């Protein structure tokens with residue numbers, strides 16, 4: 016994992032404000048199991064404004080106050096951001112909320128009814144042998160669901176499973192897809 020050093024000063028200022036302190040002071044950065052770094056936030060060149068982070072020496076002695084710890088999400092480069100920067104994924108492949116946060120000028124996704132194949136539920140479904148018949152499972156509102164079972168029947172079956180019963184083959188196939196998504200390819 017790579018450190019998000021370029022964000023530490025701004026994130027530390029946010030953390031200090033959230034702790035009810037001035038946006039200048041000490042913050043601890045967790046770099047692994049037992050490795051920590053102490054950052055001292057100082058005023059920028061103009062005396063206020065953007066803080067500057069400098070590595071500081073830890074306070075000696077057991078009685079020294081413990082500074083707040085920078086959260087992991089602020090310490091490390093976000094995996095989604097790394098994937099975007101390397102070109103491994105496009106912004107449209109990310110969760111819509113994540114995509115909007117990382118790429119604010121991203122156009123909104125097309126409504127589900129306008130997407131290719133949206134009206135063809137059977138075309139995007141998989142067949143499952145269930146109770147001696149071929150049933151379909153497919154995406155409904157972005158969630159894998161049994162297409163040939165009544166919602167009330169699915170709720171009853173989920174209750175049965177919660178009571179350690181055996182689920183319908185359609186529900187077993189969905190559970191398997193959640194555990195091993197490669198089984199759908």
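Numbering (this note's numbering), first residue to last: 16 to 200.
Yeah, the Cβ is synthetic: ideal placement off N, Cα and C, and Gly gets one too.
Here the structure is a predicted model, which is why all the values come from computation and not from measurement.
Residue(s) in a DSSP beta bridge with residue i
i           : result
residue 71  : 53
residue 150 : 143
residue 43  : 53, 84
residue 176 : Residue 176 is not bridged to any residue.
residue 23  : In DSSP, residue 23 forms no bridge with anything.
residue 18  : 91
Distance between residue j and residue i (C-alpha atoms, nearest Å)
i           : j           : result
residue 97  : residue 47  : 19 Å
residue 68  : residue 117 : 24 Å
residue 157 : residue 194 : 17 Å
residue 165 : residue 112 : 31 Å
residue 21  : residue 89  : 10 Å
residue 174 : residue 161 : 16 Å
residue 145 : residue 163 : 10 Å
residue 169 : residue 176 : 10 Å
residue 121 : residue 28  : 28 Å
residue 147 : residue 196 : 25 Å
residue 91  : residue 143 : 42 Å
residue 181 : residue 167 : 17 Å
residue 192 : residue 159 : 9 Å
Chain B contact for residue i (CB, 8 Å cutoff)
i          : result
residue 25 : The structure shown contains no chain B, having only a single protein chain.
Classification of residue i by the beta-carbon crowding that lies within 10 angstroms, buried from 16 upward
i           : result
residue 189 : buried
residue 72  : exposed
residue 18  : exposed
residue 82  : buried
Cβ-Cβ distance between residue i and residue j below 8 Å
i           : j           : result
residue 103 : residue 66  : no
residue 57  : residue 41  : no
residue 53  : residue 141 : no
residue 26  : residue 93  : no
residue 45  : residue 87  : yes
residue 43  : residue 50  : no
Inset, instruction - Count the CB pairs spanning the segment 90–107 and the segment 31–38 that are closer than 8 Å, and state whether there are at least three. - result: no
Inset, instruction - Assess, as a yes-or-no matter, whether the segment 182–194 is touched by the segment 145–154 under the definition of 3 or more beta carbon pairs within less than 8 Å. - result: yes
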